[in-house]
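Residues 1 to 297 (this note's numbering) make up the sequence shown, in order. Beta carbons are placed, not taken as given, at the ideal position from N, Cα and C, and that holds for glycine. Input: a single structure, listed below in structure tokens.
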Amino acid sequence: MVSAPRLLLIAIAVASIPVYLAFMTSEGLLVQVAGAVVILFLVSLVLFTGRSPIAPDSRKSISPNNEQVDFGDIELPDSVLSDESASKSPVSELRRTRGRKQLSEIDEFQIPEPLHYSADPSNDETSPITDFEEEIEGLAKVHIARSDPELLAEAEVDRYLEKQRSRRAEFRERMIRERRRELSERISANLRKWSELEDGEDLSAITKMPDSGLSVFFEPEDHDPTIPQGTSYVRIDDNRVLKVRISLDVPKNITLDEERTKFSEMEEMPPPSHLDSGMPLPPLLPPEPPDLPLRED
């Protein structure tokens with residue numbers, strides 16, 4: 001028989017479905033989801049609650065074996081006992097004999113005689129040799145794994161030191177890269193400054209301007225426009241500029257001997273005059289900054 005609370009729960013679950021269809025479908029999505037969750041909760045309560053069915057008793061009634069059998073008026077003769085059975089005591093009848101043997105039936109254990117081995121190697125064929133002395137391949141051996149706290153601590157320390165070394169190496173490489181980058185930027189800035197000082201003003205662009213106020217002198221004055229030429233500007237004073245034109249055409253009839261003579265003449269040229277006059281040499285590149293000390297962790 002179904003209990004009253006369960007009947008009430010079933011009625012509420014059944015009634016909630018038309019209520020949901022009538023009132024909840026016109027509401028928002030959140031209200032619909034909440035109503036569906038409530039209905040599912042009621043249905044699950046109906047399905048998974050209630051009393052469990054009583055299992056039928058599988059025990060069988062054990063019929064007593066000690067019931068006295070009535071054979072009516074039939075008289076049974078007395079049991080015939082042999083002389084041996086009559087002479088036995090009740091204690092001997094209760095002795096357990098199943099799975100055991102009489103002491104008289106157990107044979108005495110005979111200790112085998114030890115084998116005598118001769119020291120003469122010539123009698124190896126006749127002497128019995130056992131195979132236990134030979135090492136058997138593939139035989140499993142017992143291995144006991146032990147955990148030593150000291151070894152575990154040393155392994156942990158080694159791992160920590162190795163990690164610190166790797167971090168220190170990465171930090172050192174990063175510092176070296178940063179120092180090289182800063183040094184290259186510093187050198188490039190100095191070279192750019194020196195090049196601006198040495199190059200000076202752009203005379204080629206200034207002479208092309210109509211209101212520059214500079215008079216340009218050409219050297220040589222006559223040139224062949226079909227031959228490629230290189231030009232260089234030299235300022236004479238504030239109002240004059242010399243434009244030197246050098247032909248870049250190399251004649252093909254010059255032999256190897258002539259080139260060697262030209263090079264030998266260039267090697268025999270005297271040193272510049274400013275060295276003899278005692279004038280100071282142009283400034284050299286500044287020395288490199290000292291290496292920054294590395295800071296270790």
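Excluding the five sequence neighbours on either side, which residues of its own chain have a C-beta within less than 8 Å of the C-beta of residue i, listed in chain order?
i   : result
I12 : L42
E67 : The predicted model places E67 with a pLDDT of 49, which falls under 50 and marks its position as unreliable, so this point remains unresolved.
Leaving out five residues on either side along the sequence, give the residues of the same chain with a beta carbon under 6 Å from the beta carbon of residue i.
i    : result
V157 : none
Q32  : M24
Who does residue i pair with in a DSSP beta bridge?
i    : result
V244 : E219 and S232
Could you give the DSSP three-state label for residue i: helix, strand or coil?
i    : result
I227 : coil
S184 : helix
L139 : coil
E27  : coil
L152 : helix
N190 : helix
S204 : helix
F158 : As written in the sequence, residue 158 is Asp, which differs from the Phe given in the question. D158: helix per DSSP, three-state reduction.
Between the alpha carbons of residue i and residue j, how many angstroms are there, rounded?
i    : j    : result
P246 : A169 : Checking the sequence, you will find Ile at residue 246 rather than Pro. Straight-line Cα distance between these residues: approximately 56 Å.
E185 : R192 : 10 Å
G28  : G50  : 35 Å
T207 : R181 : 39 Å
P18  : G35  : 11 Å
F218 : W194 : 28 Å
V38  : S3   : 22 Å
P225 : A189 : 40 Å
D238 : S212 : 11 Å
L40  : L30  : 16 Å
Apart from the five residues on each side of it in sequence, which residues of its chain come closer than 7 Å, Cβ to Cβ, to residue i?
i    : result
E133 : Low local confidence applies: a pLDDT of 49 at E133 is under 50, so the model's placement there is unreliable, with the coordinate-based value given in what follows. Around E133: no qualifying Cβ.
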